[in-house]
Amino acid sequence: MTAKKLVIVGGGAGGLALASKLGRKLGLSGELDIALVDKSAIHIWKPKLHEVAVGVIDQSNEGLLYRDHGLKNGYRYVRGELLQCDPMQKSIQLAPVLTKEGETLIESRQLEYDYLVLALGGTSNSFNTPGAEAHCIFLDSLDNANHFHQKLLDALLQLNETQEKLSIGIVGAGATGVELAAELHHVIESVKEYGYLNISKHHLDVHLIEASPKILPQLPEKVSARAQAVLDRIGIRLHLGVQVKEVTSEGFVTQDGDLIAASIKVWAAGVKGPKVFQHFDPLPITPRNQVEVDACMRVKGHEDIYALGDCAQLILDSGKPVPPRAQAADQMAETLYRNMLNRLKDKAEQPFVYKDYGSLVSLSRFSAVGNLMGNLRSGDFFIEGHFARLMYMSLYQRHLSSLYGWFSALVYRIAQRLLRWQRPKLKLH
Ligand SMILES: Cc1cc2nc3c(=O)[nH]c(=O)nc-3n(C[C@H](O)[C@H](O)[C@H](O)COP(=O)(O)OP(=O)(O)OC[C@H]3O[C@@H](n4cnc5c(N)ncnc54)[C@H](O)[C@@H]3O)c2cc1C
1 MTAKKLVIVG GGAGGLALAS KLGRKLGLSG ELDIALVDKS AIHIWKPKLH EVAVGVIDQS
61 NEGLLYRDHG LKNGYRYVRG ELLQCDPMQK SIQLAPVLTK EGETLIESRQ LEYDYLVLAL
121 GGTSNSFNTP GAEAHCIFLD SLDNANHFHQ KLLDALLQLN ETQEKLSIGI VGAGATGVEL
181 AAELHHVIES VKEYGYLNIS KHHLDVHLIE ASPKILPQLP EKVSARAQAV LDRIGIRLHL
241 GVQVKEVTSE GFVTQDGDLI AASIKVWAAG VKGPKVFQHF DPLPITPRNQ VEVDACMRVK
301 GHEDIYALGD CAQLILDSGK PVPPRAQAAD QMAETLYRNM LNRLKDKAEQ PFVYKDYGSL
361 VSLSRFSAVG NLMGNLRSGD FFIEGHFARL MYMSLYQRHL SSLYGWFSAL VYRIAQRLLR
421 WQRPKLKLH
């Protein structure tokens, strides 16, 4: 009997975890033919993108190559960008793969499936703010993180010569904006050790602009307050309760008509589904470009198509959608893994149950803050400092365990820590 074909599109926090686990369980033995499609050749866990952007981690050391990983973990990697899906023919269409110069390397292709999983993640939401797309970097993909990194390197080079102030503006004081702001301060304090002798922290202004009256608006008051105290201490300029009306090449124009000048502009507010879903006529797509799924993560009206992570809208019994977070994508991948095994054995699939373990925000070397969910009686509790940092790192460790198995993941992490001793702490090229 020929093996059933499973195609997973998107090798991020959810899709890659699913491909790896199913691959080791059924792919290596040939019981299931698994293809993982991603437009990128390298996987970096998305919560680490701001670290790539500022150069705290180097993708050539910490990135995972899908092709090599797939070979060892029982799935086939297909480089390509999803364009369209045809549920009647049970096939997807991939865009041609082009060189940097725009020449076609691989023509547009069709891939057939028995089961399809959409795990394309999300993009930042500019809420149609004029000028945002043209002038801002959206920190939502590896390419964009690399683009920011290059701009930062250029700015440091210039700053070392001119010693004129460098102004960086970030819209959105959610976890991404806050973590990026703190990392930028850490980097500017460290560049002297790498030969940028004329630069000190006084040369950097980081503006963090947030429409809500507090930073980290989704998190409990105490977490926001502690994080804000750290940002105040290191000199981040907070603009709270400020709405950006327009972005120009000069900076951000607020609703009061003020200009917050910035030479590097980042948009880190809001999340919506991938752009490509705007043209997915056969599937139920929400106004925020997410695909609607039922409790078992099946796309509504399509028995053989599933979706998980940021690109999916799953409404919980509480009436709230599953939040766009790495822990949610990871849990969805785990449920879908078990459901796929059940489905292949003609057993019933189980509904997804979301467990909120709390939220953690890294403030670079300055601190980490967050809340952990306790039991029903004790509610959530606040954590800070080394313990919070440890918990923050455990999230990544959990992701690595899905990709490599827990033992190999542990060895991998120890090896990475040891290697970091003799590698430069910053990637400044
Ligand atoms: C800077 C930053 C920091 C964050 N920090 C945290 C945090 O601390 N804690 C937390 O819980 N969450 C955090 N998040 C959110 C978290 O990263 C996401 O919720 C999570 O990664 C979603 O997982 P996913 O599998 O749905 O998609 P992703 O991890 O985004 O993966 C999507 C994959 O799909 C691929 N893809 C996209 N479009 C196509 C296409 N058309 N064709 C083929 N492939 C495609 C992409 O290349 C990518 O590999 C952060 C996000 C960012 C951007």
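Position 11 (the sequence shown) corresponds to 11 in full-length UniProt numbering; numbering is contiguous. For each residue, glycine too, the CB sits at the ideal point set by N, CA and C.
Three-state class that DSSP yields for residue i in the structure shown
i           : result
C311        : helix
H43         : strand
L153        : helix
T335        : helix
L376        : With a pLDDT of 48 at L376, under the threshold of 50, the modelled position of that residue is not reliable, and no figure is offered here.
T176        : helix
D205        : strand
residue 506 : Only positions 1 to 429 of the chain appear in this structure, which leaves residue 506 out of reach.
I188        : helix
L118        : strand
D38         : strand
R298        : strand
K222        : helix
Y77         : strand
V54         : helix
V322        : coil
E101        : coil
E164        : coil
Y392        : helix
L65         : strand
E183        : helix
I414        : helix
V244        : strand
H429        : coil
L18         : helix
G131        : coil
L316        : coil
E198        : Rather than Glu, the amino acid found at residue 198 in this sequence is Asn. Of the three classes helix, strand and coil, the one that applies to N198 here is coil, per DSSP.
Integer Cβ distance of residue i from residue j, believed to fall under 8 Å
i    : j    : result
A205 : R233 : The sequence shown places Asp at residue 205, not Ala. At roughly 16 Å, the Cβ-Cβ gap does not stay under 8 Å, so D205 and R233 are not in contact.
V199 : L156 : With the sequence shown as reference, residue 199 is identified as Ile, and Val is not the correct amino acid for it. The Cβ separation is near 7 Å, so the contact holds.
L231 : A181 : 6 Å
H149 : S364 : So it is not a contact: roughly 16 Å between Cβ atoms.
A307 : V322 : A307 to V322, Cβ: 11 Å. No contact.
C311 : N339 : Not a contact, Cβ separation roughly 18 Å.
K4   : L32  : 6 Å
E179 : S362 : 5 Å
N371 : F382 : 6 Å
Residue i CB to nearest heavy atom of ligand 1 below 7 Å
i           : result
E183        : no
R325        : yes
residue 444 : Missing from the structure shown is residue 444; the chain here goes from 1 to 429 and no further.
E81         : yes
L49         : yes
G120        : Before going further, note that residue 120 is Leu rather than Gly in the sequence given. Within the cutoff, so yes.
T104        : no
K265        : no
A13         : yes
S141        : yes
G370        : no
V9          : yes
H43         : yes
V276        : yes
T176        : yes
A329        : yes
G309        : yes
V37         : yes
S367        : no
K355        : no
S167        : no
S401        : no
S40         : yes
K320        : no
K272        : no
K46         : yes
Bridge partners - residue i, DSSP secondary structure assignment
i    : result
N93  : Going by the sequence as given, residue 93 is Gln instead of Asn. Per DSSP, Q84, Q110.
N371 : S359, F382
W267 : F138, V171
A145 : None, per the DSSP bridge assignment.
S124 : V271
A261 : G251
I8   : L36, V117
Y354 : Beta-bridge pairing links Y354 to no other residue.
Y306 : V117, R298
L238 : L208
I285 : V291
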